[in-house]
Amino acid sequence: MTSPAATLRTAADKLRTLANAATYEDRTTWTPGHTKGSLSAVILDHPERPGVLIETWASHLEDVNAYIATMDPALGLVIADWLNSAAEDAEQTGANPHALNVARQILGSAQ
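Structure representation (structure tokens):
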């Protein structure tokens, strides 16, 4: 059985890897916007020169874009740091159940 601290560190490593892979030219912050031509709702990492462009076809899905933009690589890196901190705490005082739940969601496990 994997220790809670190991689970937290594994999730932090996975999330940090994903956040870094999703970063283009140090652009870690995403924002909702619209394409200039069609005015389709999009998420982009730079308003003038996007490297990341995620388009939503239905206008009622703009809330989905706002959510995805909130969960950008910058937040992923912050959460990874928090999980590493929670792993250190888990070794000293016991695992934070909320941090462990987040880690398990990231890892796709229900243990």
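Everything in the sequence shown is counted per the numbering used here, starting at 2 for the first residue and increasing by one.
We put the beta carbon where it would ideally sit given N, CA and C, even for glycine.
Whole-angstrom C-beta distance between Arg10 and Asn66, which should lie under 8 Å: Between Asn66 and Arg10 the beta-carbon gap is near 32 Å, outside 8 Å, which marks them as no contact.
Span of the alpha helix (DSSP H) around Glu92: For Glu92, the enclosing alpha helix (DSSP H) starts and ends at Pro74 to Thr94.
Buried versus exposed, by CB contacts within 10 Å (16 or more), Ala22: The residue in question, Ala22, is exposed, as its Cβ has fewer than 16 Cβ neighbours within 10 Å.
Endpoints, the alpha helix (DSSP H) within which His99 is located: First-last of the alpha helix (DSSP H) with His99: Pro98 to Leu108.
Simplified DSSP assignment, three categories, for Pro5: Of the three classes helix, strand and coil, the one that applies to Pro5 here is helix, per DSSP.
Where Val65 sits in the DSSP three-state scheme: The DSSP-derived three-state label of Val65 is helix.
Cβ shell of Thr32 (< 6 Å), same chain only, five flanking positions each side left out: Cβ neighbours of Thr32 beyond the five flanking positions: Ala70.
In DSSP terms, what Thr24 is bridged to: Beta bridge pairing from DSSP links Thr24 with no other residue.
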